[in-house]
Structures are given as structure tokens and as C-alpha cells.
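Written below as C-alpha cells is the structure these notes are about.
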Amino acid sequence: MSSATLELEPDVATFTDLIKDQLKPDVQRIDHEGYYPEGFMRNYGEAGAFYPVTEAGQFYQAIDNCSLVGETCGSTAFSIWCHNTCLWYLTNTENKSLKDKYHSRVAFGKKLGATGLSNPVKSFFGIEKMKLHGERTSNGYKVKGSLPWVSNLLENHVFGGIFDTKEGPVFALFDCSKPGVRLRPSGPFIALEGTATQAVSFLDAEIPDEMIIALDAKAFLAKVKAGFIMLQLGIGLGLMRGAISDMHRANKTLGHTNCYLPDSPDFFSDELLKLEDRTRELASDPVHSALDVGSFKKVLQLRLDAAETTRRTTYAGFLHQGSRGYLERGSGQRRVREGMFFDILSPSTKHLRQWIKSIEN
Ligand SMILES: Cc1cc2nc3c(=O)[nH]c(=O)nc-3n(C[C@H](O)[C@H](O)[C@H](O)COP(=O)(O)OP(=O)(O)OC[C@H]3O[C@@H](n4cnc5c(N)ncnc54)[C@H](O)[C@@H]3O)c2cc1C
66 MSSATLELEP
76 DVATFTDLIK
86 DQLKPDVQRI
96 DHEGYYPEGF
106 MRNYGEAGAF
116 YPVTEAGQFY
126 QAIDNCSLVG
136 ETCGSTAFSI
146 WCHNTCLWYL
156 TNTENKSLKD
166 KYHSRVAFGK
176 KLGATGLSNP
186 VKSFFGIEKM
196 KLHGERTSNG
206 YKVKGSLPWV
216 SNLLENHVFG
226 GIFDTKEGPV
236 FALFDCSKPG
246 VRLRPSGPFI
256 ALEGTATQAV
266 SFLDAEIPDE
276 MIIALDAKAF
286 LAKVKAGFIM
296 LQLGIGLGLM
306 RGAISDMHRA
316 NKTLGHTNCY
326 LPDSPDFFSD
336 ELLKLEDRTR
346 ELASDPVHSA
356 LDVGSFKKVL
366 QLRLDAAETT
376 RRTTYAGFLH
386 QGSRGYLERG
396 SGQRRVREGM
406 FFDILSPSTK
416 HLRQWIKSIE
426 N
């Protein structure tokens with residue numbers, strides 16, 4: 066192990082302190098005022114929380130660092146997923162100059178990243194049509210079209226996305242500060258307002274060859290798809306951990322009545338443990354989990370089970386809190402709303418069921 070790697074051993078105490086000092090005080094602003102915690106995102110990255118995405122054998126650590134945030138704020142855990150997914154694309158690209166320019170900066174939060182794959186992935190399943198189209202130029206592509214929502218996005222961020230061409234879909238890194246790329250806030254939504262979610266328009270934007278992640282987007286996706294999906298687990302596992310803590314806290318004063326609820330925090334802790342074990346196993350080699358059909362089916366099933374369990378756990382957290390959880394600033398209802406998004410984040414539960422079925426047939 067190199068000394069550079071040694072210095073980056075996960076420092077959970079530092080991560081926990083950052084969350085307590087720089088994220089927790091802003092949770093209500095994030096939820097109710099659409100405040101995007103950019104400073105926290107950068108500092109969490111600088112402390113080494115995103116870096117494990119890039120290291121063979123440390124992928125689960127990246128998921129865990131995201132879930133540590135999700136325990137306090139599901140919305141910000143989603144922003145971290147957006148960033149980590151962009152980092153995962155840069156980790157796997159064979160475009161060396163692109164990697165040299167962005168990889169290290171994104172790995173340490175100096176440059177923040179995002180992902181706009183919900184449209185192309187849905188289009189590959191016939192759910193909707195491709196929204197971005199590119200025409201070949203002498204040194205790249207001219208891209209047109211718009212995406213209705215890309216989160217964790219400000220003008221100085223980059224994001225990975227796919228546009229269609231005559232030769233097939235191409236995977237690129239888009240720099241939002243360049244001419245021809247316009248951002249417009251999306252929403253308002255019932256949660257996730259503090260995730261800097263934007264509609265992105267491309268007005269004949271020039272995308273040079275240097276920004277191409279992969280000319281064959283489908284082949285690239287085949288390699289990164291399990292990592293893309295497993296990184297999402299950080300959101301669900303974090304929400305579950307937060308809801309279980311809420312249940313224990315509520316039981317201190319409401320245990321005499323909460324004992325009549327069908328499932329206890331111990332039941333949900335067991336469910337969480339099982340999901341963590343399955344995630345750890347499949348995350349040990351995310352590329353193999355993508356390319357091996359049997360393993361990939363397990364990844365899809367894991368993501369679906371995690372969504373179903375997150376929904377039950379966050380609602381149980383709310384039920385344990387009772388009226389306190391129904392307060393505007395109550396964590397019970399907030400986690401329920403954040404958990405609803407985990408159900409519809411691409412691949413949504415209905416898309417996951419379709420995907421699993423397509424592998425079985
Ligand atoms: C807050 C928020 C943040 C998001 N951030 C991101 C992001 O960072 N990156 C990203 O890529 N995506 C993002 N998304 C998109 C997200 O990942 C999902 O793709 C989205 O929530 C919808 O998924 P779904 O499977 O439920 O599709 P649906 O909502 O069911 O839509 C499927 C398609 O069907 C179309 N449709 C609907 N009704 C009809 C009809 N009657 N006939 C024909 N077609 C119809 C819809 O227009 C859509 O194109 C975000 C969404 C939200 C709400």
C-alpha cells in the first residue's frame with residue numbers, strides 16, 4: 066500500500082464530526098428552504114469520504130460514507146450519490162487525458178460532479194425517448210436537447226450523461242460552465258429541495274472529444290451499472306439507520322405504547338444487517354457484479370429489497386414518534402418523504418421489476 070493510500074484510511078471520527086458540525090445544524094434549512102450544503106460536500110470530499118469509489122476493494126466504504134450522511138440527512142446522501150456516480154464514471158473511463166484532468170479533483174471534492182443517466186437508461190428499456198442528440202463535428206459533437214432533472218448541479222460542476230448520435234449513444238462529461246449549457250432550477254419538490262436539482266438545456270453545445278467518457282455508451286454502462294446502482298444503497302441504508310435511531314429514542318418515553326406496533330427497532334436492525342451484508346459482498350468487485358449476469362440480477366434484487374425495506378423502516382420510525390414525527394421539523398415525516406424518493410430514483414422500483422424480468426426471460 067502506498068503512503069498516499071495510507072493517509073486516506075477511512076477516518077470515521079472525522080466524517081462523524083463533519084456531519085455533526087457542518088451538516089446537522091443545516092438539516093432544516095436543507096429540507097425547508099432548499100439550501101444546498103456545498104461547503105459540507107467539499108469538506109466531506111476533502112476528508113477522503115468520496116475517494117474509496119476509486120480504489121479496488123474499498124467500494125463498500127464509499128457506500129458506508131454516504132450512509133453515514135443519510136442517517137442525518139437523506140437529501141444530502143442523495144447529493145453524495147450523484148457526485149460519487151460521476152467519480153465512478155471517471156474511474157472507469159479509458160480516456161486518459163479526461164481522467165488526468167478531473168479524476169483526482171472530483172475524488173477529493175475540489176470539483177463537484179453529477180449524473181444525468183435516468184433518461185438514457187429508461188430509453189434503453191423503451192420507457193421514454195432519448196432527450197439529448199449529438200451531431201459529429203471536426204473535433205467532437207454539437208449537442209442539443211434538455212434533461213428535466215440533474216441534481217447536485219451548479220454552473221461550476223460537471224456531470225456524466227449520454228447523447229444519441231447516428232452511430233449510437235455516446236457517454237460524455239458535460240461542463241456546465243461552457244457556452245450552450247443552461248441550468249434552470251427544477252421543482253419545487255416535496256423533499257430533496259436542497260440538492261441543487263436543475264433542468265439542463267443544451268443549445269448546440271460543443272462537446273469536444275477530450276470530454277468523451279466512452280464512444281460506446283452501452284458497453285461502458287454494462288461495466289459501470291452495478292456500481293451506479295450499489296452506490297445508491299448509501300441513501301437507503303442511511304435512511305434506515307436514522308429511522309432506527311428515531312425508534313430507539315422514541316421508545317424511551319413511548320415504549321409502553323410503541324410495544325403494540327407490529328415491528329420493533331430490533332426487527333429493522335436485523336433487516337438492515339442483512340442488506341448491509343448483501344451489499345458488502347456484491348460491492349467487493351463492482352465490475353464483476355455488473356458483467357456477471359447472476360451477480361447483476363442480485364444487485365437489482367438488492368436495490369429493490371432495499372427500497373421496500375427503507376419504505377417500511379422510515380414509516381415505522383414515523384409511527385414510533387407519533388405526533389412528534391408529524392411536526393413540520395420532525396425527523397419522522399422528513400425521512401418518509403426522503404424515502405419516497407428512493408423508490409422513484411432511477412432505476413425506480415417499477416423499472417427494477419421490469420429489469421429483473423428482462424433478465425429472467
Ligand atoms: C428530485 C429529483 C431529482 C432527480 N435527480 C436526477 C438526477 O440527478 N439525475 C437523473 O438522471 N435523474 C434524476 N431524476 C429522475 C429520477 O431518477 C427518475 O427518473 C424519475 O423520478 C422518474 O422515474 P420513474 O421510473 O418513476 O419514471 P416516470 O415518472 O414513470 O416516467 C417515465 C416516462 O414516462 C413518461 N410518461 C408519463 N406519462 C406518460 C404517458 N401517459 N404516456 C407516455 N409517456 C408517459 C414520462 O414523461 C417519462 O418520460 C430526479 C428526479 C427527481 C424527482
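Residue 66 is where the sequence shown starts when you use our numbering, and the numbers rise one by one after that. Note that CB positions come from ideal geometry on N, CA and C, so glycine has one too.
Could you give the C-beta distance for L212 and A127, rounded to a whole number, given that I count them as a contact under 8 Å? By 1-based counting over the sequence shown, the position of residue 212 is 147. By 1-based counting over the sequence shown, the position of residue 127 is 62. Their Cβ separation, rounded to whole angstroms, is 25 Å, which puts L212 and A127 out of contact at 8 Å.
Would you say the beta carbon of E193 comes nearer than 6 Å to a heavy atom of ligand 3? Of the ligands this structure carries, namely ligand 1, none is ligand 3.
Using the rule of at least 16 other Cβ atoms within 10 Å of the residue's Cβ for burial, across every protein chain shown, is G307 buried or exposed?
-> Taking the sequence shown and counting its residues from 1, one reaches residue 307 at position 242. Label assigned to G307: buried.
- Item | Pairwise C-alpha distance: W214 and L238 | As a first step, residue 238 is located in the sequence shown; it is residue number 173 there, counting from the start. As a first step, residue 214 is located in the sequence shown; it is residue number 149 there, counting from the start. Rounded to whole angstroms, the separation of the alpha carbons of W214 and L238 is 16 Å.
Please confirm whether any heavy atom of ligand 1 lies closer than 6 Å to the CB of H148.
-> If you number the sequence shown from 1, residue 148 lands on position 83. It does not: the Cβ of H148 is nowhere closer than 6 Å to a heavy atom of ligand 1.
Quiz item: Which value, in whole angstroms, describes the spacing of the CA atoms of G252 and T119?
Solution: In the sequence shown, residue 252 corresponds to position 187, counting from 1. In the sequence shown, residue 119 corresponds to position 54, counting from 1. So the two alpha carbons sit approximately 32 Å from each other.
Practice task
With D211 as the anchor, note down where its beta strand (DSSP E) starts and where it stops.
Solution key: For this step, residue 211 is matched to residue 146 along the sequence shown. Looking at the sequence itself, residue 211 is Ser, so the reference to Asp does not match. Under the DSSP assignment, S211 falls in the beta strand (DSSP E) whose first and last residues are G205 to V215.
Less than 6 Å separating the Cβ of V92 from some heavy atom of ligand 1?
Position 27 of the sequence shown, counted from the start, is the residue given in the question as residue 92. V92 Cβ: outside cutoff for every heavy atom of ligand 1.
- Message: Quick check on L410: buried or exposed, where buried means 16 or more other Cβ atoms within 10 Å of its Cβ?
- Response: On the sequence shown, residue 410 is found 345 positions in, with the first residue counted as 1. Counting Cβ neighbours within 10 Å, L410 comes out buried, since at least 16 surround it.
>> Per the DSSP calculation, Q263 is bridged to which residue(s)?
In response: Taking the first residue of the sequence shown as 1, we reach residue 263 at position 198. As a beta-bridge residue in DSSP terms, Q263 pairs with V215 and P250.
For a test of the three-state rule: what should DSSP assign to P273, helix, strand or coil?
Residue numbering aside, residue 273 sits at position 208 when the sequence shown is read from its first letter. Note: P273 maps to strand in three-state DSSP.
*Closer than 6 Å: is that where the CB of H198 sits relative to any heavy atom of ligand 1?*
The count along the sequence shown starts at 1 and reaches residue 198 at position 133. No.
Task: P412 beta carbon less than 7 Å from that of F58 - done: Because the chain in this structure spans residues 66 to 426, residue 58 falls outside the shown range and cannot be described.
Given this structure, state the Cα-to-Cα distance separating V235 from R201, to the nearest angstrom.
The residue labelled residue 235 in the question sits at position 170 within the sequence shown. The residue labelled residue 201 in the question sits at position 136 within the sequence shown. Their backbone Cα atoms lie some 11 Å apart in a straight line.
Where does F407 fall in DSSP's three states?
In the sequence shown, residue 407 corresponds to position 342, counting from 1. In this structure, F407 counts as helix in the three-state DSSP scheme.
Problem - Secondary structure, alpha helix (DSSP H): runs of 4+ residues fully inside the stretch 295-364 - result: Every unbroken stretch of the alpha helix (DSSP H) spanning 4 or more residues and falling wholly within the stretch 295-364 is given here in chain order: 330-348 and 351-356.
So does the stretch 136-146 actually touch the stretch 350-366, counting three or more Cβ pairs closer than 8 Å? Result no; under three Cβ-Cβ pairs closer than 8 Å.
How about I424: is its Cβ closer than 6 Å to a heavy atom in ligand 1? Numbered from its first residue, the sequence shown carries residue 424 at position 359. Checking the Cβ of I424 against ligand 1 gives no.
query: Looking at C-alpha atoms only, which residue of E103, L155 and V401 is the closest neighbour of G301?
result: Here residue 301 corresponds to residue number 236 of the sequence shown, with the count starting at 1. It is V401 whose Cα lies nearest to the Cα of G301.
E232 - DSSP class collapsed to helix/strand/coil: Translated into the one-based positions of the sequence shown, residue 232 becomes position 167. Shown here, E232 sits in coil according to DSSP, grouped into three states, outside any helix or strand.
**Asked** So what does DSSP say about S67, is it helix, strand or coil?
**Response** Within the sequence shown, the letter at position 2 stands for residue 67. Because S67 carries a pLDDT of 40, less than 50, the predicted location of this residue cannot be relied on, and the following value inherits that uncertainty. DSSP, reduced to helix, strand and coil, places S67 outside both helices and strands of the structure shown, so it counts as coil.
For L238, the residue or residues it bridges with in DSSP:
As a first step, residue 238 must be located in the sequence shown, where it is residue number 173. G225, per the DSSP bridge assignment.
- Task: For A69, collect the residues of the same chain with a Cβ closer than 7 Å to its Cβ; drop the 5 residues on either side in sequence, then sort them by chain order.
- Result: Mapped onto the sequence shown, residue 69 falls at position 4. Below a pLDDT of 50, predicted positions are generally treated as unreliable, and A69, at 44, falls in that range; the measurement from the model is reported next regardless. Excluding residues up to 5 positions away in sequence, nothing lies with its Cβ nearer than 7 Å to the Cβ of A69 in the same chain.
- Three-state secondary structure assigned by DSSP to R201: Here residue 201 refers to the residue found at position 136 of the sequence shown. Looking at R201 - three-state DSSP - the assignment turns out to be strand.
**Report entry** Residue environment, Y154, which counts as buried when at least 16 other CB atoms sit within 10 Å
**Finding:** Counting from one through the sequence shown, the residue named residue 154 turns up at place 89. It is buried - the Cβ of Y154 has at least 16 other Cβ atoms within 10 Å.
Review point. Based on Cα-Cα distance, which residue from R170, G135, H222 and G99 lies nearest to A112?
Key: For the purposes of this step, residue 112 is taken as residue 47 along the sequence shown, with counting starting at 1. For the residues R170, G135, H222 and G99, the minimum Cα distance to A112 belongs to R170.
Note down the Cα distance separating L337 from R343, rounded to an integer number of angstroms. Reading the sequence shown from its first residue, position 272 is the one you call residue 337. Reading the sequence shown from its first residue, position 278 is the one you call residue 343. The straight-line gap separating the alpha-carbon atoms of L337 and R343 is approximately 10 Å.
Using beta-carbon positions only, say whether V208 and G199 come within less than 7 Å of one another. For the purposes of this step, residue 208 is taken as residue 143 along the sequence shown, with counting starting at 1. For the purposes of this step, residue 199 is taken as residue 134 along the sequence shown, with counting starting at 1. Taking the C-beta atoms as reference points, G199 is found nearer than 7 Å to V208.
Does the distance from the C-beta atom of G427 to that of G259 stay below 7 Å?
In the structure as shown, the chain begins at 66 and stops at 426. Residue 427 is therefore absent and cannot be evaluated.
*Grab me the residues of L219's own chain with a C-beta within less than 6 Å of its C-beta, minus the 5 sequence neighbours each way, in chain order.*
To locate residue 219, count along the sequence shown from 1; it is residue 154. Closer than 6 Å at the Cβ level, and outside the excluded window around L219, lie A261.
Among T378, D129 and E232, whose alpha-carbon lies nearest the alpha-carbon of P330? The residue you call residue 330 lines up with position 265 of the sequence shown. Answer by Cα proximity: T378.
- Item | In chain order, each beta strand (DSSP E) run of at least 3 residues that lies wholly inside the stretch 157-188 | If we require 3 residues or more, the beta strand (DSSP E) runs fully inside the stretch 157-188 come out as 178-181.
*Count the other C-beta atoms from every protein chain shown that fall within 10 angstroms of the C-beta of S67, then say buried if there are 16 or more, exposed otherwise.*
Along the sequence shown, read from residue 1 onward, the residue named residue 67 stands at position 2. In this predicted model, S67 has a pLDDT of only 40, less than 50, meaning its place in the structure is not dependable enough to derive any value.
Less than 7 Å separating the beta-carbons of F293 and T150?
Mapped onto the sequence shown, residue 293 falls at position 228. Mapped onto the sequence shown, residue 150 falls at position 85. Yes. Within cutoff.
Subject >> Buried versus exposed, by CB contacts within 10 Å (16 or more), A78 >> reply: Position 13 of the sequence shown holds residue 78. Exposed is the call here.
- Task: Spatial neighbours of S396 within its chain, please: CB distance less than 6 Å, with the 5 preceding and 5 following residues excluded, ordered by chain position.
- Result: Looking up residue 396 in the sequence shown gives position 331. D311, listed in sequence order.
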